[in-house]
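>
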Amino acid sequence: MKSIGLNNNLIFSIEPLVNSVRLIVSEVDHEIACRKETIKNLNSFLEGDNENIFKGRLQLSKLDQDIEIIINKIPIGKIPLYSFSKLLNEA
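The letter at position 57 of the sequence shown is residue 226 when you use this note's numbering, and the numbering goes up by one with no holes.
1. Alpha carbon to alpha carbon, what distance is there between Ser213 and Asn221?
2. Taking the alpha-carbon of Val187 as reference, which of Ser172, Thr207, Asp235 has the nearest alpha-carbon?
3. Take Lys231 and list the residues in its own chain whose beta-carbon comes closer than 6 Å to its own, dropping the five residues that flank it on each side.
4. Just how far apart, CA to CA, sit Gly225 and Gly246?
5. Under the DSSP definition of a beta bridge, which residues are partnered with Gln228?
6. The beta strand (DSSP E) that contains Leu192, what's its start and end?
7. Tell me the residue span of the beta strand (DSSP E) that contains Leu179.
8. Ends of the alpha helix (DSSP H) at Glu216?
9. Can you tell me whether Val190 is buried or exposed, with buried defined as 16 or more other CB within 10 angstroms of its CB?
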């Protein structure tokens, strides 16, 4: 599982599954939110014109060259687009 640190001791991770990945936001060993999604849909989001993806508890939004991670409509951190793409490709 590949991870990157966010604000306030939060960690964003991508866990590979059989036909998809699991996006996880956690604090130390406690999961706060997660979402299962296909790599194809995530790559389409990264390369396309859509600024947001997902409508549930965990959402992602593109801001210039960053991906903003949102939980319960509250932004909790940003990851550079390049770093997010690299994490996704390594999963």
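We treat Cβ as the ideally placed atom computed from N, Cα and C, and that holds for glycine. Being a predicted model, the structure only gives us computed values, none of them experimental.
The short version:
1. 11 Å
2. Thr207
3. Glu220
4. 17 Å
5. Ile239
6. 190-196
7. 179-185
8. 208-216
9. buried
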